[in-house]
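Notes to accompany the following structure.
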Amino acid sequence: GVNKRLMVFNEKGEQDKPELEMTLINPSILSSASEKQLGEEGCLSFPLIYGQVQRATWVEVEYQDLTGEKKVKRLEGRPAVIFQHEYDHLDKVLFIDRLEENDKKINQKRLDKYVKKYGPGAAP
1 GVNKRLMVFN EKGEQDKPEL EMTLINPSIL SSASEKQLGE EGCLSFPLIY GQVQRATWVE
61 VEYQDLTGEK KVKRLEGRPA VIFQHEYDHL DKVLFIDRLE ENDKKINQKR LDKYVKKYGP
121 GAAP
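Quick note: my numbering has the sequence shown finishing at residue 124, numbered continuously throughout.
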């Protein structure tokens, strides 16, 4: 294997527009806003599960691009939320781990079904 952390996302979710994709190799968070925003998130790993998650309103990140050049970029709004969600995946943290308490309760039955069907720590 290769010891790299890799993230690719397209903030618009448009598969036919690869120019909107952002590829980050070995990303790290340099700083983030102390101000948080609450917003609904979901994840392809957990179909039909959605809930409120708090994220920093902006993050400043360092990464390498596809040519290996180091870059620093400040992400705000939706790109900042997407980055934090995907960065969590790299650290083995899932959005369900960050759900607001009420949303955890609302989704618990569906999560229990996933555990029963796929086993602990597994996703569909």
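All C-beta atoms, glycine included, are put in the ideal place defined by N, C-alpha and C.
Here the structure is a predicted model, which means the values were calculated and not measured.
Query - K70 Cβ short of 7 Å to the ligand NAD heavy atom set - result: Looking at this structure, you won't find the ligand NAD or any other ligand, since it has none at all.
Query raised in the report: Taking contact to mean at least 3 C-beta pairs separated by less than 8 Å, is the segment 13-23 in contact with the segment 44-52?
Result: Taking 8 Å as the limit for Cβ pairs, the verdict is that the segment 44-52 does not touch the segment 13-23.
Requested in this report: Kindly indicate which three-state DSSP category Q54 falls into: helix, strand or coil?
Outcome: Residue state, collapsed to three classes: strand.
Query raised in the report: Under the three-state reduction of DSSP, which class applies to R110: helix, strand or coil?
Result: Look at R110 here: in three-state DSSP terms it is helix.
Report task. To the nearest angstrom, report how far apart E100 and E41 are at their CA atoms. Result -> Looking at the two C-alpha atoms, the distance is approximately 11 Å.
Query raised in the report: Cβ of V61 within 8 Å of Cβ of S28?
Result: S28 is positioned such that its CB atom lies closer than 8 Å to that of V61.
Query - 4-residue-minimum alpha helix (DSSP H) runs that sit fully inside the segment 73-117, ordered along the chain - result: The qualifying runs are 78-90.
Report task. Put L48 into one of helix, strand or coil per three-state DSSP. Result -> In the three-state reduction of the DSSP assignment, L48 falls in the strand class.
Requested in this report: Just mark R78 as buried or exposed, buried being the case when its beta carbon has 16 or more other beta carbons within 10 Å.
Outcome: Exposed, by the Cβ-count rule.
Query raised in the report: Opposite T28 in the DSSP bridges: which residues?
Result: Looking at the sequence shown, residue 28 is not Thr but Ser. DSSP output for S28 lists E62 as bridge partner(s).
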